[in-house]
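Chains as they are written, first to last, in our numbering: chain D, 12 to 269; chain H, 12 to 470.
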C-alpha cells in the first residue's frame, strides 16, 4: 500500500478526527426519545428483556416497531416464536394486535432456538418484510455473540429492523444496538372508568445503546389497540407530550433531548 | 338385464358373472385419457360424462377418405383396444349424440328426415322430463314437431336448463341454436432428466447436475409461460433403488437458484450407495406465471429475497405448517375466533371486529386454570394464583359474558364471564369464570363451583 504524502497527512487527519469525535459525542449524548427513528434511521437491531409471565416485552417491542415503521408501509411483519415461548406467553392474537399490524403478521413457530434464529436471519434477508420480531426464552447456547452479530449485520445490510424479545433471560453478551429491560407498570386510570385497567404502561430501561445515553422511562401507548393516535384526537391530550403516542413521564430527568 | 339390476338377481341369471367394484373417479380419468387419444380424428374433443366422447370432425373426413371410412377407422381403433363403442357422425353434437345412443334401423336412415324417427330419449333429457313426454304420448321427435313450438314453449317455459327443456334440445339437435362445448386440453408438465455416464457418489456433483436440471426445467417452464408450485426430484441408483424428494412452493417460481437452494436442504441424508445414474426433475403442479419485464427506469432493486422465496425456505427447513398467518373466523369464543392459514393464501371474508371489545395481545394455547379469591356468586376477583405466584388484583373491568355456541356444543357447556384485570405491578391479564354457581350445567349438570381460567395476556 503506497504511503500518503507526508505533507498532507497532518493537515487532514486531525480535522477529520475531530469532526468524527464531535459527531460521535453528540450522537452518544443525545438522549433517546420516542419518534427519533420515525424516518427509519436508528438502531435496526434491538433487544428487549422481559419476564415470561407478562406481555410487556412483546407490547413494548410492538410499540417501538410502530414508533419506527412508516404508517404507509403495508408490507408484512414477521413474528418468530419458539414453541417454548408460545407455551409460556401464548401466541399473538389477531383481535388484540394493533390495527395497523393486524392483517400483516406472518407467524413462524420454530421447534428450537436454532430454527428460530434461522427464521430470523432469513426474515432479515427478505426485502418484502417491514420488520422482524423474535421471541426467544432463556439463554440458549446457539444465541451467542456470533449469532447476535450475524443478526445485527443482516439487519443493517438489508435495512430490515429486528426487535428480539428475550424472555426470562440473563443479560448476556450481544451486539444489539439498543438493549431494553421492560416491565409492566401500573397504568393511568381511564377517563370514564377509573377502576378499569388503562392504556398499557411499561417501565423501560435502556441499559445499553450505541448511539444514546442509557436511561429509564415510563412509556405508555395511547389508544386501546396499541395504535398511535394523534394527541389532538384524545380527550386527555393535554398530558401527552409527544405526538407519536409514546410518552415518557420520567421522574427527575429532563424531557428535552440533549 | 339392465343398469340398476341387483347383483343377486344378475347372478341368478348368469352365475359366471365377473364382478368389479365401481370407481367413478377412475372411470372419469380414463375417459379423459380416451378423449385426448381421440383427438387423432379431429382437432379437439370434449367429454360427455359418464361414458361419451365428442370429437369435432368438421372438414376432417376427407383425410380418412370420407365419413364412412372415418367411422370404420374409429371402430377399428377402439376394437384394437377392446372397447365397445356406438359411433355416429352428424352435423351437430346433439344429433350425433342422439344417433349414437339410439341407433336407427338401416331402412329408416334413408328417409327424408331421419331425425324425426328418433325416440325422444335421443334428446339428452332428464328422466323426469322423459316421463312427462311419455305420459303426454310423445314418443318420437317427429311427435314433438307435430305438437308445435308454441305448445312446447308454454309447457316448459320455466325450464332454463337445456336438459329439462325439450324445445331447447330440439333446436340444438337441428343446429338452430349454438351449443358451446368445453374441449379437453392436455396439460403437459415439464419433466427434465439426466442419464449419467458415470454414476455419481458425491454431493458436489449431484448439486452440479441439479443446477443443470433446474436450468433446463426453467427453460421449459418459460416456454409454457408457467411457474412451478410442486417439484419432484427422483434419483435412480445403480442398484435400482429410487429416492424421491418433493417440495412445494408458496408461489409459482421460475428461479433456478431458488429451486436448487430448496432442494439442497433435502439432499443431506441421501444414500448414494454405489452411485446415482439417473436424476429426474419433474413438475407435478404448475401455475400460470406470465413473464415479467424488468423496469429499466426504476432505481436499482433493493437487495434481499422476495416474500415467496423466504416462505419457501422456511417451509423447507421448518416444515410446511410452521409458517402461518392469523385470520379471523366467525365465532364468539375467543380461541375459535382465530385460525392459522398459509401466509400467501387469500384471507377469508370477515366481519369487522367490534371496537369496544378489548382483546389481549397474546392468547395462551390452552387456558390455564387459576385459583381465584372472589365474592360468590359473581363478584369481582380479588386475588389469584397463577403458575405458583399470587397476584393481587388492583383494577378490574368486567364481566364480558360470552355464551357457549349452542349450535356446536353440548347443552352442558357453561358460559364464560371475562374480566380484564391489572395486578398491583401493572401486569394485565384476561381471565374468565367458567359458569355461575347453580346454573345446572357443567360435567355433572349440577352447576357446582365454577372454575377460573387465565386465557390471555395484555400488553
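Just so it is clear, CB atoms sit at the ideal spot from N, CA and C, and this is done for glycine as well.
Integer-rounded CB distance, given that residue j should sit under 8 Å from residue i
i	j	result
residue 219 of chain D	residue 225 of chain D	7 Å
residue 329 of chain H	residue 171 of chain D	Contact doesn't hold; Cβ gap of about 19 Å is too wide.
residue 378 of chain H	residue 466 of chain H	4 Å
residue 391 of chain H	residue 407 of chain H	5 Å
residue 61 of chain D	residue 193 of chain D	4 Å
residue 234 of chain H	residue 260 of chain H	That belief does not hold up - the Cβ atoms of residue 234 of chain H and residue 260 of chain H are roughly 19 Å apart, past 8 Å.
residue 351 of chain H	residue 339 of chain H	Not quite, the Cβ-Cβ distance comes to about 11 Å (not below 8 Å), so this is no contact.
residue 19 of chain H	residue 12 of chain H	Contact doesn't hold; Cβ gap of about 12 Å is too wide.
residue 46 of chain H	residue 64 of chain H	5 Å
Per-residue burial, residue i [other beta carbons within 10 Å of its own, 16 or more giving buried]
i	result
residue 24 of chain D	Note that residue 24 of chain D scores 49 on pLDDT, short of 50, meaning its location in the model is unreliable and no value can be drawn from it.
residue 233 of chain D	buried
residue 180 of chain H	buried
residue 304 of chain H	exposed
residue 357 of chain H	exposed
residue 334 of chain H	buried
residue 92 of chain D	buried
residue 199 of chain H	exposed
residue 264 of chain H	buried
residue 185 of chain D	buried
residue 51 of chain H	exposed
residue 176 of chain H	buried
residue 460 of chain H	exposed
residue 418 of chain H	exposed
residue 27 of chain H	exposed
residue 279 of chain H	exposed
residue 159 of chain H	exposed
residue 347 of chain H	exposed
residue 63 of chain D	buried
residue 39 of chain H	exposed
residue 58 of chain D	buried
residue 242 of chain H	buried
residue 67 of chain D	buried
Cutoff 8 Å: residue i Cβ touching any chain H Cβ
i	result
residue 101 of chain D	yes
residue 245 of chain D	A caution first: residue 245 of chain D carries a pLDDT of 40, below 50, which makes its placement in the model unreliable, though a value can still be read off. So no, residue 245 of chain D is outside the interface.
residue 60 of chain D	no
residue 216 of chain D	no
residue 73 of chain D	yes
residue 166 of chain D	no
residue 42 of chain D	no
residue 224 of chain D	no
residue 56 of chain D	no
residue 136 of chain D	yes
residue 238 of chain D	Unreliable positioning characterises residue 238 of chain D in this predicted model, as indicated by a pLDDT of 39, which lies under 50. The coordinate reading is nonetheless provided below. Not closer than 8 Å to any Cβ of chain H, the Cβ of residue 238 of chain D fails to qualify, so no.
residue 156 of chain D	no
residue 133 of chain D	yes
residue 130 of chain D	yes
residue 70 of chain D	yes
residue 105 of chain D	yes
residue 31 of chain D	no
Below-8 Å beta-carbon distance, residue i vs any chain D residue
i	result
residue 235 of chain H	no
residue 270 of chain H	no
residue 469 of chain H	yes
residue 389 of chain H	no
residue 171 of chain H	no
residue 463 of chain H	no
Neighbour flag for residue i against chain B, beta carbons, 8 Å
i	result
residue 67 of chain D	Of the chains in the structure shown, none is chain B; the protein chains are D and H.
Residue i CB to nearest heavy atom of the ligand SAM below 7 Å
i	result
residue 29 of chain D	With respect to the ligand SAM, the structure shown offers nothing to examine, as it has no ligands at all.
message: Would the stretch 134-150 of chain D count as touching the stretch 316-329 of chain H if we require 3 or more Cβ pairs under 8 Å?
response: For the pair of segments examined, the stretch 134-150 of chain D was found to touch the stretch 316-329 of chain H: the number of CB pairs separated by less than 8 Å reaches three.
query: Taking any Cβ of chain H, which residues in the stretch 109-123 of chain D have a Cβ under 8 Å from it, in chain order?
result: Under the 8 Å Cβ criterion, the stretch 109-123 of chain D contributes 114, 116, 117, 118, 119, 120, 121 and 122.
- prompt: Can you list, in chain order, the residues of the stretch 338-370 of chain H whose Cβ is nearer than 8 Å to any Cβ on chain D?
  reply: Cβ contacts with chain D come from 338, 339, 345, 348, 349, 351, 354, 358, 364, 368, 369 and 370.
message: For the stretch 427-447 of chain H, list every residue whose C-beta sits within 8 Å of some C-beta in chain D, in sequence order.
response: Going along the stretch 427-447 of chain H in chain order, one finds 431, 432, 433, 435, 436, 437, 438 and 439 with a Cβ nearer than 8 Å to chain D.
query: Residues in the stretch 183-202 of chain D with C-beta within 8 Å of chain H's C-beta atoms, listed in sequence order?
result: Here the close residues are 194, 195, 196, 197, 198 and 200.
message: If contact is defined by three or more beta carbon pairs under 8 Å, each pair taking one atom from either stretch, is the stretch 122-130 of chain D in contact with the stretch 178-191 of chain D?
response: Flag = no, the stretch 178-191 of chain D and the stretch 122-130 of chain D do not touch.
- request: Would you check if there are 3 or more beta carbon pairs closer than 8 Å linking the stretch 260-273 of chain H to the stretch 173-190 of chain H?
  value: Segment contact: the stretch 260-273 of chain H against the stretch 173-190 of chain H, fewer than three CB-CB distances shorter than 8 Å; contact not assigned.
- prompt: Does the count of Cβ pairs from the stretch 161-178 of chain H and the stretch 126-142 of chain H closer than 8 Å reach three?
  reply: These segments touch.
- prompt: Along the stretch 317-338 of chain H, what residues have a CB closer than 7 Å to any CB found in chain D?
  reply: Result list: 317, 318, 321, 324, 325, 328, 329, 333, 334, 335, 336 and 337.
query: Along the stretch 392-407 of chain H, what residues have a CB closer than 8 Å to any CB found in chain D?
result: Cβ contacts with chain D: 397, 398, 400, 405, 406 and 407.
- prompt: Does the stretch 379-390 of chain H come close enough to the stretch 279-296 of chain H that 3 or more CB-CB pairs lie under 8 Å?
  reply: These segments do not touch.
message: To be precise: take each residue of the stretch 190-214 of chain H, compare its Cβ to all Cβ atoms of chain D, and keep it if any distance is under 9 Å. Which residues remain?
response: For the stretch 190-214 of chain H, which is checked against every Cβ of chain D, not one residue is closer than 9 Å.
query: Any residues in the stretch 279-292 of chain H with a beta carbon nearer than 9 Å to a beta carbon of chain D? Which ones, in chain order?
result: Correct list: empty, as no residue qualifies.
task: Check whether the stretch 73-89 of chain H touches the stretch 105-117 of chain H, taking contact to mean three or more Cβ pairs, one atom from each stretch, closer than 8 Å.
output: Output reads no: the stretch 105-117 of chain H does not touch the stretch 73-89 of chain H.
message: Under 8 Å: do the stretch 192-208 of chain D and the stretch 421-437 of chain H share three or more Cβ pairs, one atom per stretch?
response: The stretch 192-208 of chain D, when compared against the stretch 421-437 of chain H, does touch it at the 8 Å Cβ threshold.
- prompt: When you check each C-beta in the stretch 63-74 of chain H against every C-beta of chain D, which residues fall closer than 9 Å?
  reply: None of the residues of the stretch 63-74 of chain H has a beta carbon lying less than 9 Å from any beta carbon of chain D.
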